[in-house]
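Chains as they are written, first to last, in the numbering used here: chain A, 2 to 344; chain B, 2 to 344. Single-structure report; data block below.
Protein chains: 2
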Amino acid sequence: MTDSPTARRAPTLDDVARQAGVSLATASRVLNGSTRRVADAYRDKVAAAAESLGYSANLSAQATARGTSAVVSLVVADIADPYFGQIAAGVAREASAAGLHVTIAVAGRDAEREADVVRMLRGQRPHTVILATSRAGDRLPPELRREVDAVIDAGGRVVALGADVAPATALPIANGEGAAALARALARRGYARAILLGAAAGIRTSDDRLDGFRRGFEAAGGEIVGVRRGAFTRDAGEEQMRAALRDGVAAGSLVFGVSDVVAIGAMAAVRAANRTIGADIAVAGFDDIPTARDVTPGLSTVRLPLEEIGARALRLALDDPSESAGPLREPEVVLRASTPERA
Amino acid sequence: MTDSPTARRAPTLDDVARQAGVSLATASRVLNGSTRRVADAYRDKVAAAAESLGYSANLSAQATARGTSAVVSLVVADIADPYFGQIAAGVAREASAAGLHVTIAVAGRDAEREADVVRMLRGQRPHTVILATSRAGDRLPPELRREVDAVIDAGGRVVALGADVAPATALPIANGEGAAALARALARRGYARAILLGAAAGIRTSDDRLDGFRRGFEAAGGEIVGVRRGAFTRDAGEEQMRAALRDGVAAGSLVFGVSDVVAIGAMAAVRAANRTIGADIAVAGFDDIPTARDVTPGLSTVRLPLEEIGARALRLALDDPSESAGPLREPEVVLRASTPERA
DNA sequence: GTGAGACGGGTAAGCGCTTTCCAATGGAGG
DNA sequence: CCTCCATTGGAAAGCGCTTACCCGTCTCAC
């Protein structure tokens, strides 16, 4: 009887060294970078042995031995949401270039889980933790704060997108300015009354965008006639818009959804109420996810270079001097047919 | 001078044991599940010490010691694509429930990288590798095959979505049947001529859907008047459709995009050519991503329970008997306004 | 010719855990 | 009261890898 088909056991460095007829140390030096040089003859023997055995270094063992791991952990609220999907793509691209592995953790939409998730992640002794889900206000909730401190104490870096919550490194996102610029552009198109659809109060990204929009719109002489709170989801947007319509929305009003996803939900509600999007009720969003240009009419929004933001977050943690310097590309207002020029 | 602010070093199990006044073994037994019982008095002391130190087990060390890791690796082509995003969400949800960590690796759209990616992943000695990017045909390319074998040899499981490529475990996706059902439903709506927009020949998912559609459509008396090949992207869909329009598309034709993303690209091209979607040129896709219902007109498609597929893939690797049994929910044809009833 | 370095291979001491043994303790059964 | 066994804490041997050290061998300056 031969041995069991499963779990034949992966070849170890020891196997490679033995097959190559060299010491463990030499094999290690050849295969996993070291400052020490190894004579070509040995180098070749080791490489050949590794190749023939299909050796692949055990990352866990390497991490324990070295005391540092090569993983970057990305914390998102929902990986199916295109906002996070694009950020994740940027992180993944950059991580791959830097030889890091990315693990992604989904914290969901409710606040408490975030600290739990980071605690779990902490076990990996991650090189970097990227907090993409900036639900926090100006400071981190104490639970989370404690976990973040622990990660940093253990030698890891923490980057928070869009919120400068020490001790995490901040990657600012121009939510406020972007929304203000959008508001100004829309005021210039003749809109004077706007309804705001936000996520729950206290969620930083939402608050910043709402405040920015209000600031820009009012400065341009517009009036905010209503603010509704929900969540960063399509369904919340639809629901809030339905409620707004029930309460009555004057023709010529503008609706600003705190994200494209929310705005798209709102568009569905507008359509369902047999009102037309654009001339009757205008709608604008934020992010410029791909869907924004595919809906009809196209959704006016603010373009955020999401993938770039993800990539940048990682480079920031890597202390890449070439990149941590320059500011992120300015958010760009993208006007489409969902907010036509008013007569 | 106090010690450096960074890298204070995470508390180890040894620290906990010492603080609790027990042995390493006891601390280990209390904190990280074991069959051995520990007296309550000891248990409490250890728990208290761990809590006060903010201890979090070093997963790498645990993995080396145990010889198995708790990571599941998901290989996707593009995490920003909603198809993969939803699958990832399902995997993440299920992994979290099972106490596993998910690492995601992006293999991109070109075939060679997949083997490389799996080789990288192999270093983590993953508990499970889920291959969501079923670019393979009926068998795995030799390079990939070798890596998959290595993962399995090392005691890991490999699940391939939509392709039964031994020695990986297959999670079948009814691409062919779904497409056939869609084709029949559309033929029933009066369509007689269809143009197919696929990804490159040899890509399993695309081929299956194309073949299924053709089978269903022709059986119902329809005729396939053209097949164009591109890729699983919006831009490819748009480009192919543009080319098709250049060559002339008769009014009343139906266009089937091999995925919703492709179909949505095609819709953009149709609109750009000043043709109307629906009565003039009908369009259908596959997957039922959220955007499909938000475009106008709504996109007819086949609903795939993507998140469920992701969750199922993981449960399959976990040998969850309750779930590996029943077949996946049937793909469901969803008819919307992009394919109106023909007079 | 000799001594001082460089060079480069090997030995072995960890890294932070798990787990196998071993030993001490305390009941139960006779 | 003694034996036997079940129970449970601790000592120590790993897990697969890295890396300080050690130690021959060359090379070269003097």
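Using N, Cα and C, we set each Cβ at its ideal position, and we do this for glycine too.
query	result
Beta-carbon neighbours of Gln125(B), restricted to chain A and to distances below 8 Å	Leu60, Ser61, His102
Interface flag, Ser97(B) vs chain A, CB-CB below 9 Å	yes
Asp79(A): contacting residues in chain B (beta-carbon distance under 8 Å)	Ala90
Secondary structure of Phe257(B), DSSP reduced to three states	strand
CA-to-CA distance, Ala106(B) to Ala81(A), given in whole angstroms	16 Å
Given 8 Å, three or more beta-carbon pairs between the stretch 150 to 158 of chain B and the stretch 180 to 188 of chain B	no
Among Ile225(B), Ala175(B), Ala42(B), nearest to Arg210(B) - alpha-carbon criterion	Ala175(B)
Check whether Pro127(A) and Ser70(A) have beta carbons under 9 Å apart	yes
Alpha carbon of Leu54(B) to alpha carbon of Pro306(A), nearest angstrom	40 Å
Cross-strand partners of Arg158(B) (DSSP beta bridge)	Thr129(B)
Exposure of Asp4(A), with buried meaning 16 or more beta-carbon neighbours within 10 Å	Bear in mind that the predicted position of Asp4(A) carries a pLDDT of just 39, short of 50, making it unreliable; the figure below should be weighed with that in mind. Per the 10 Å Cβ criterion, exposed.
Cβ separation of Val296(A) and Thr297(B), assumed to be a contact under 8 Å, to the nearest whole Å	7 Å
Test: Gln241(A) CB closer than 9 Å to a CB of chain B	no
DSSP bridge partner residues for Val334(B) (one or two, in chain order)	Val303(B)
Cβ of Asp111(A) within 9 Å of any chain B Cβ	no
Identity of the residues DSSP links to Leu197(B) by a beta bridge	Val228(B), Phe257(B)
Backbone secondary structure at Val250(B) - three-state DSSP	coil
Proximity test, Cβ basis, 9 Å: Thr297(B) and chain A	yes
Contact the stretch 87 to 103 of chain B vs the stretch 61 to 68 of chain B: 3+ CB pairs below 8 Å	no
For Ala273(A) and Glu239(A), the rounded distance between their alpha carbons	10 Å
Segment contact, 8 Å Cβ cut-off, at least three pairs: the stretch 119 to 134 of chain B with the stretch 116 to 124 of chain A	no
Classification of Thr7(A) by the beta-carbon crowding that lies within 10 angstroms, buried from 16 upward	Unreliable positioning characterises Thr7(A) in this predicted model, as indicated by a pLDDT of 48, which lies under 50. The coordinate reading is nonetheless provided below. Looking at its Cβ environment, which holds fewer than 16 other Cβ atoms inside 10 Å, Thr7(A) is exposed.
9 Å Cβ cutoff met for Ala11(B) and Ala151(A)	yes
Simplified DSSP state of Ala62(A), which is helix, strand or coil	helix
Gly222(B): CB within 8 Å of a non-hydrogen atom of the ligand GTP	Summarising the ligand content, the structure contains no ligands, and the ligand GTP is consequently not present.
Status (buried if at least 16 other CB within 10 Å, exposed otherwise) for Thr277(B)	exposed
Residue-chain proximity (Gly346(B), chain A), Cβ-Cβ < 9 Å	Missing from the structure shown is residue 346(B); chain B here goes from 2 to 344 and no further.
Rounded distance between the beta-carbons of Ala193(A) and Glu224(A), thought under 8 Å	6 Å
Cβ-Cβ distance between Val23(B) and Val47(B) below 9 Å	yes
Contacts of Pro83(B) in chain A (Cβ-Cβ under 8 Å)	Ala81, Pro83, Gly86
is_contact[Arg52(A), chain B] using C-beta, thresh 9 Å	For the record, residue 52(A) in the displayed sequence is Glu; it is not Arg. No, Glu52(A) lies away from the interface with chain B (no Cβ there is under 9 Å from its Cβ).
Beta strand (DSSP E) segments (min. 3 residues) lying fully within the stretch 33 to 82 of chain A	72 to 77
Closer than 9 Å to chain B by CB, Arg304(A)	no
C-beta atoms of Thr302(B) and Asp236(B) nearer than 9 Å	no
Through-space distance from Glu331(A) to Val226(A), alpha-carbon basis	29 Å
Cβ-Cβ distance between Tyr56(B) and Leu25(B) below 9 Å	no
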